[in-house]
Each structure stands twice: as structure tokens, then as C-alpha cells.
Amino acid sequence: MAQSKATKKFEKNKLHDVIKARKNVAKIKQKKQMDVKKKERKARDNAKAEDLNGDSSKNSGSRPVKDDGFGEMSMDQFFEGGFQVPEMSTKSSAKPKTKTGKRKRTPIENGDAADSDAEMGEAGASAEESATDSDSGDDADAHKEQLADLQKKDPEFYKYLKDNDAELLDFAEDADLAEIDALSASEDEATPRKKKKKKAAAADSDDDEDEDEATTGNEVTRKLIKKWKSSMEANSSLRAMREVVLAFRTAAHLNDDEGKIYKYTISDPEAYHQVLVTALQLVPKVLQHHLPVKETAGGKIRVPTDSKKFRTLTPLLKSHTVSIQHLLENLSDAATLCMTLDSLLGLLPYVLSFKKIVRELTRVVASVWADSANNEMTRLSAFLVMRRLVVISDPSIREAVLKQAYQGLVKGARNTTIHNIQGINLMKNTASELWGIDPTIGYTTGFGFIRQLAIHLRTSITNKTKDSYKTVYNWQYIHSLDFWSRVVAAHCESLREAEAGKPSPLRPLIYPVVQLTLGAMRLIPTAQYFPLRFQLIRSLLRISSATATYIPLAPALIEVLNSAEMKKMPKPSTLKTLDFNTAIRATKAYLRTRIYQDGVGEQVAELLGEFFILWTKNIAFPELALPVIVMLKRWIKAMTKKTGGNRNSKINSLIALLVQKLEANSRWVEEKRAKVDFAPNNRAGVDNFLKDVDWEKTPLGAYVAGQRKSRDQKAKMLEEARKTEDKKRKEAEVADANEGGEDFDGDSGEEEDAELDMASDEELEEDESEDDE
């Protein structure tokens with residue numbers, strides 16, 4: 001239903017004041033009700049005392065006593081006995097007492113003393129119960145009744161209060177925390193009397209020392225925290241834990257501007273730190289002492305959720321978990337984040353039954369895990385929390401954790417640079433582990449996400465608009481495909497499935513992931529997106545290596561060599577070498593340059609070697625390599641012509657060397673298979689062919705191993721050079737800041753790189769007629 005303008009204006013200008021006034025009225029009304037009930041109780045007590053005094057004064061001597069039970073009777077006749085005591089109601093007044101405070105014994109001839117004593121005991125017990133109930137429960141009950149009436153009469157206002165001022169509605173929840181005192185009291189009763197006396201004496205001394213603190217209000221001091229800490233460490237006190245949790249809630253919301261009022265206040269920074277440390281370290285230990293968690297060999301946990309103690313601690317658990325969630329959203333210190341996440345790890349078994357809280361907690365932890373500003377240890381701590389949730393929770397929570405992990409990965413992979421590529425790879429490797437804990441849930445969630453990627457690719461192919469390709473050709477899409485390649489490679493490994501005796505439930509995901517990757521690779525087959533093609537080929541090589549699945553990747557690499565970019569003579573350039581590990585697109589400045597052509601040629605030679613090394617021991621290697629060898633020889637011949645070739649000796653030598661290794665490996669396999677004594681239809685013999693030979697000992701394997709070693713050394717040198725350059729740049733910036741000047745010459749290279757990175761994607765629309773030819 002649409003709101004009127006008057007209603008919107010009222011909500012904007014006056015609703016806050018009305019809510020504040022209603023809250024004040026409710027508090028005043030509640031206080032008046034409490035005062036009225038206290039006055040009534042005092043009046044009843046005074047009336048009983050006056051009745052007793054009046055009866056004793058009137059009945060002194062021989063004056064007649066007017067009583068409903070005994071009629072007109074003198075005091076002498078009353079004490080002489082010889083009469084039957086009528087039945088007494090439980091509401092009758094107490095018997096008169098002597099000066100010593102003891103009741104006078106009345107001789108009973110026909111009455112039953114045991115029955116009368118029992119009736120008196122029941123009356124006393126009911127009176128005590130009513131008194132305690134009125135003392136502890138009237139406030140909460142009255143508040144609950146008022147809230148119930150408000151919900152019936154004005155549900156919209158009640159909903160507004162629930163959304164904007166939940167603290168008022170949580171009054172009843174805070175009142176329920178009083179039951180923890182009863183638990184602590186019952187524990188104290190179990191201690192011996194001698195120890196009890198010593199503890200009482202110590203408590204009296206502590207009370208004398210802390211008398212000044214009690215008079216100064218609810219300010220949390222170091223001495224008070226020390227007292228709570230000692231109680232939790234020595235006695236696992238629930239009462240002290242409650243106070244620590246309430247103080248921790250204040251600390252977690254210390255910088256909020258919502259105007260909420262909490263029980264405690266904290267102004268000392270050292271006290272704030274001690275509250276955090278005490279709550280995060282000791283609350284899980286106290287809970288483990290009172291509610292021990294039992295874990296089975298299969299990873300299932302058992303928490304006594306049906307016990308009265310757990311039900312009593314439920315409000316405390318919810319409050320503490322919500323405070324931790326709020327703290328995680330606002331923390332920036334790495335050490336405090338790790339401590340908070342470690343504490344949360346111990347609380348997870350107790351909060352599994354609170355589904356809504358667990359879902360919000362998962363969202364916050366996933367954001368910490370996906371935040372590139374956090375260091376590696378913090379992100380690993382957040383991952384351990386998510387992994388623990390997947391292990392001990394039910395399928396619904398597992399699915400929620402997997403979805404939050406994938407969303408955090410996609411969000412954190414929006415921009416990829418040399419500085420955050422390691423963090424993104426860490427996210428992909430850790431998240432892929434979550435999908436193998438419960439492969440059934442992993443398959444259902446993975447299939448849904450892969451289907452979304454397929455829909456994006458289909459939309460880009462069918463809707464040929466100006467920017468339709470951008471939904472696929474971006475870092476988030478590429479990292480998503482790479483992530484799913486890691487998932488299937490980690491959990492569909494052929495050796496692991498052979499040991500288990502059955503295929504993994506995630507194996508059906510291999511085909512859609514491969515088809516999606518091949519489709520994305522061929523969406524825009526231009527020279528600008530050769531880096532993207534190389535990224536996707538590496539993902540497919542990972543799948544093929546782990547799952548022993550043949551994927552035809554040689555044609556995609558031969559197509560790169562046959563493009564116009566690699567056939568024409570390059571032009572000289574002074575640009576930096578393009579880093580193909582952190583690039584999916586080459587800007588226009590790199591096209592037709594020697595630096596770009598050399599980089600593309602190196603990538604093609606490397607990836608062809610990595611592709612054929614997967615099948616270097618296969619009995620069909622000669623037939624597999626023959627078409628590629630023929631095409632590569634033709635390309636080399638065309639490039640070395642006196643006219644028409646690019647005469648790039650570096651690339652030509654790399655491809656020629658690769659052809660030599662492929663031919664040598666083909667001859668080696670032919671020699672080995674000439675000695676076999678089984679037919680091609682013998683599947684076991686074909687699979688076990690050269691199984692005991694290491695791939696490094698093959699002609700192609702020795703070549704690829706040497707190439708990997710040289711690339712690793714080169715990457716290490718480049719990383720050290722980058723770190724040295726960053727250090728020098730920071731020192732120069734500090735020096736410039738101190739001198740008050742700026743060195744523009746030292747930043748010229750960085751400005752040029754920034755201009756190259758910020759090149760518009762609209763350059764793709766330029767004429768690529770040579771590539772099309």
C-alpha cells in the first residue's frame with residue numbers, strides 16, 4: 001500500500017520525537033506500576049502487622065476475642081484447650097508470637113498436628129513464591145504485556161521499533177538473563193560450607209575494595225575486569241561471563257552513533273583492550289566447561305541444546321555472537337581480527353541452531369576472507385571459520401557458506417594487479433577445498449553458478465551489441481572459470497577416484513566447464529585478447545592434467561601463430577614487457593610491436609610444450625603430435641622466407657626447438673611400443689604403457705623441465721627487482737614529502753603504464769581486416 005505525502009512528511013519530521021515520547025511514557029508508566037505494586041505490598045505487610053499487634057493488645061487479659069474461627073472467647077479459655085481447632089484456610093493470618101519470637105504451642109486433642117503443619121508450610125511456600133515472582137518477574141511481565149498490546153494495536157509502529165530500536169524490544173531478553181544468577185547460585189550451593197565461608201569473606205573484602213567503583217556508576221575499570229577474569233578462570237562463573245558479555249557488547253558498539261544505551265560505559269583505552277581480550281579468550285572456555293561439546297569421528301558434533309542451562313544461556317549466546325559480528329565489520333587491526341576469528345571458531349557449535357545469526361555471520365566472515373586489504377594470516381583464519389561451518393553444519397548452512405564464498409571470490413577478483421594476484425590465487429585455492437567437503441552440495445551449488453556463466457556467454461553471443469562482450473571479457477568471469485577448473489581438478493583427480501573406487505560427484509561438472517572455457521576463448525579471436533586466451537588455456541591444462549581428460553588445445557595455439565599479428569614484420573618499441581600473468585588484454589600500443597610478438601611467441605611455445613607433456617608417455621603420442629609437427633614446420637618455412645616472413649629469429653628458434661623435441665619423443669615412443677606384446681584392444685596394457693617411467697626422463701619431458709626451471713628463476717629475479725623498485729619509490733616519496741617538492745621525472749614510466757592500462761575498450765571496434773584475413 002502506497003504511503004501518502006502526509007505520512008511520509010510525518011515520518012521524516014515528527015516520527016522520531018513521537019517514538020522518543022512513547023518510550024519515555026512507557027518507561028514512566030512502567031515505573032509507576034512498579035511503585036504502585038511496591039506500595040500495595042507494603043500496605044499488605046503493614047496491615048498484617050497491625051492485625052497481629054491489634055489482636056495481641058486486645059486479647060491481653062480476659063477480654064473476649066472476636067475471631068471468625070473461634071467466636072467470642074476469653075484468652076484464658078483459649079489457652080485452657082478442650083476444644084476442637086476448626087479447619088484453617090491458607091489465607092489466615094499468622095499465629096501470635098511470644099517475646100522470644102517463637103510461636104506458642106497449642107494443645108490439640110482432636111486435630112491432626114501433621115496436617116496443620118503441612119498446611120502452614122504450603123501457605124508459607126506460596127507466600128514466598130509470590131513474593132519472589134513479584135520481585136523478579138513483574139517488570140519483565142508487564143513490559144512483555146505492553147509490547148504484546150502494542151503489536152496488536154499498532155503493528156506498523158511495532159515493526160518500526162523492531163527495525164530501528166530493537167534495544168527497547170530486547171528488554172525482556174535482558175530480563176531473562178537474570179536466570180543465569182540462579183544457575184550460578186546453584187553452583188555455589190554445591191561447594192562445601194568451609195569453602196563457602198572463605199569465599200564469602202573474600203567477597204566481603206572485595207566488596208569493600210570495590211565500594212568506590214559501585215558508587216561511580218557503570219564505568220568499566222581495570223580492577224573490575226580483573227575481578228571478572230579471575231572468577232571466570234577460577235570458577236568458570238556464568239555471572240561473571242554475563243557481565244563480560246555485556247561489557248563486550250558496549251566495546252563492540254563503542255563508535256556507533258545510533259544513540260543506544262548500554263549497561264556499561266568504557267572510556268579507558270586499556271580497559272577497552274582488556275574487555276576484548278577477556279571476552280574473546282575466556283567466553284568459549286566457560287561455555288565449554290558448562291556445555292561440553294562432543295565431536296564424533298565423522299565430524300558431527302553434539303551440544304546439549306535440550307538442557308535447561310543451554311536455554312538459559314541462549315540470550316547470552318545470541319548477544320555475544322551479534323557483538324562479534326558487529327566487531328568484525330568494523331575492525332582493521334590484523335591481530336585483533338585473528339583473535340576474534342579464533343574465538344568465533346570455538347563458539348560455532350553453540351550457535352548452529354540460530355540459523356539467521358549464522359547466515360549473517362557467514363556473510364561477514366566471507367567479506368573478511370575476500371578483502372584484499374587483510375593480510376594472509378587474517379584471511380586464512382576467516383577461511384578456517386568457513387571450513388568449520390561446512391564440516392559441522394547441516395546442508396542448508398553448507399549451501400549458504402559455499403554461496404557466500406563464491407560471491408566473495410567474484411567480488412574480490414574485480415581488479416587484478418601484480419600486487420593482489422597472490423591473494424586472489426589464495427582465495428581460489430582455499431575456496432576450492434570447501435566444495436570437496438560435501439560433494440553433493442558442492443555439485444548442486446556449482447552447477448547453478450556454472451549455468452549463470454553459460455547464460456552470460458550465450459547472451460554475449462546472441463546479442464551482438466557494442467558492449468555485450470564485456471560481460472565475458474573481464475577479470476571476474478575469467479577468474480570464475482579458473483576457479484571451477486581448480487575445483488574439478490582438486491576433487492576429480494584420477495588417482496584419488498581410483499583409490500576411492502568410484503567417481504567423484506563433481507566429475508559431471510568437467511564437461512560444462514570445458515565447453516564454457518572454449519566458448520569464451522573463441523568469442524573475440526583478435527590479437528588484443530591473446531593474453532585472455534592464454535589464461536583460459538592454462539585453466540584447461542590444469543583440468544586435463546588432474547582428471548586425465550583429453551582437451552584439444554593445440555588448434556587454439558596454432559591459430560595464434562597463423563594470425564596476422566605474428567606474420568607481419570614487427571615495429572620497434574620501448575614499452576615494458578607485457579606481464580601475461582596479470583593481463584587479459586593488450587592495448588593498442590602493444591600491437592605490431594616486437595616486444596608483444598616475442599611475448600606471444602614465448603607463450604605459444606610454452607603452452608604447446610605443457611600440452612604435449614601430458615601425453616608424452618601415451619602409446620598414441622606419435623599420432624597425436626604428427627599434425628602439429630607438420631603445421632609448425634610449415635609455419636617456420638613461411639617465416640624464414642626471404643620475402644613475406646617476419647624473420648623474427650627468436651620465435652623461429654623457439655618453435656624449431658619444440659618441433660625437434662616432439663619428433664624425438666615420437667621416435668622414442670615408437671621404439672618402446674615396438675616391443676609390446678599386446679593388441680590395441682587390450683585396455684589395461686594400453687593404460688599401463690610406460691607407467692613406471694618418469695616423465696622427466698622422456699626427450700620432451702627433459703626439455704619442458706628445463707624450461708620450467710629457467711622460467712622460475714626469471715620470475716624470481718623479476719619479483720626481487722619489483723620489490724627493490726617499490727622500496728626505492730617509497731623512499732623517494734618520503735624524501736619528496738620531507739622536502740616539500742615532487743619529482744615528476746621519476747614517475748614518467750608509471751604515468752605511461754597508467755595510460756596504457758586505462759586505454760578504452762572501444763579500440764576493439766577498429767578495423768581488424770588483416771586479422772580477419
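Once you know that position 510 of the sequence shown is 510 in UniProt numbering, the rest is easy, because the numbers rise by one and skip nothing.
Cβ coordinates follow ideal geometry from the N, Cα and C atoms, glycine included.
Bear in mind that the values here come from a model prediction, so they are computed numbers and not experimental data.
Short of 7 Å in beta carbon distance, which residues of its chain neighbour residue i, apart from the five on each side in sequence? Order them along the chain.
i    : result
A6   : none
P622 : S666, V669, E670
S323 : F248, R249, A252
T305 : S353
A702 : E696
T445 : E399, L402, K403
Please list, in chain order, all residues of the same chain as residue i whose beta carbon is under 8 Å from its beta carbon, the five residues on each side excluded.
i           : result
N53         : Below a pLDDT of 50, predicted positions are generally treated as unreliable, and N53, at 47, falls in that range; no measurement from the model is reported.
residue 775 : Within the shown structure, residues of the chain are numbered from 1 to 773, placing residue 775 beyond reach of any answer.
T640        : R647, N652
K12         : none
Alpha carbon to alpha carbon, how far is residue j from residue i? Give it in angstroms, no decimals.
i           : j    : result
E295        : F611 : 46 Å
D467        : L317 : 50 Å
L291        : N235 : 15 Å
Q528        : F383 : 37 Å
V303        : L389 : 15 Å
residue 776 : T312 : Limits of the chain in this structure are 1 at one end and 773 at the other, which puts residue 776 out of reach.
N425        : R542 : 14 Å
P155        : E40  : 34 Å
D694        : K661 : 17 Å
S545        : L657 : 24 Å
T378        : P269 : 23 Å
T418        : T577 : The sequence as given places Ile at residue 418; Thr does not occur at that position. Each residue's alpha carbon lies about 14 Å from the other.
W484        : V630 : 34 Å
P508        : W635 : 38 Å
N474        : L380 : 27 Å
Q422        : K588 : 27 Å
Can you check whether the CB of residue j is closer than 9 Å to the CB of residue i?
i           : j    : result
P525        : E565 : no
I450        : P512 : yes
R486        : I437 : no
N330        : N255 : yes
L575        : T547 : no
L434        : L402 : yes
Q476        : R414 : yes
K229        : L282 : yes
T336        : L361 : no
V368        : L328 : yes
T517        : T616 : no
A366        : S332 : no
I619        : F689 : yes
residue 775 : I584 : The shown model of the chain, from 1 to 773, leaves out residue 775, and the question about it has no answer.
L632        : V659 : yes
P572        : Y596 : no
V514        : L557 : no
Between which two residues does the alpha helix (DSSP H) carrying residue i extend?
i    : result
H289 : 269-290
K723 : 699-739
F689 : F689 -> no alpha helix (DSSP H), and no H or E assigned at all.
P622 : 621-639
I696 : Note on identity: in this sequence residue 696 is Glu, with Ile being the wrong assignment. From DSSP, E696 is part of no alpha helix (DSSP H); its letter is neither H nor E.
T528 : It should be pointed out that residue 528 corresponds to Gln in this sequence rather than to Thr. Note, Q528: premise wrong, no alpha helix (DSSP H); not H, not E.
P552 : Taken as a continuous stretch (DSSP letters only), P552 belongs to no alpha helix (DSSP H), as it is neither H nor E.
C492 : C492 -> no alpha helix (DSSP H), and no H or E assigned at all.
S369 : For the sequence presented, residue 369 should be read as Trp rather than Ser. Residues 355-370.
T336 : 334-351
S666 : 649-673
R585 : R585 -> no alpha helix (DSSP H), and no H or E assigned at all.
F248 : 238-252
S468 : From DSSP, S468 is part of no alpha helix (DSSP H); its letter is neither H nor E.
I455 : 439-462
I'd like the list of long-range same chain contacts for residue i, defined as Cβ closer than 6 Å, with 5 residues on each side in sequence excluded.
i    : result
G346 : P284
D394 : none
Please name the residue or residues paired with residue i in a DSSP beta bridge.
i    : result
R302 : K294
E219 : T265
T593 : K571
Looking at the ligand MG, does it come within less than 8 Å of residue i, judged from the CB to the closest heavy atom?
i    : result
K285 : This structure simply doesn't include the ligand MG, nor any ligand for that matter.
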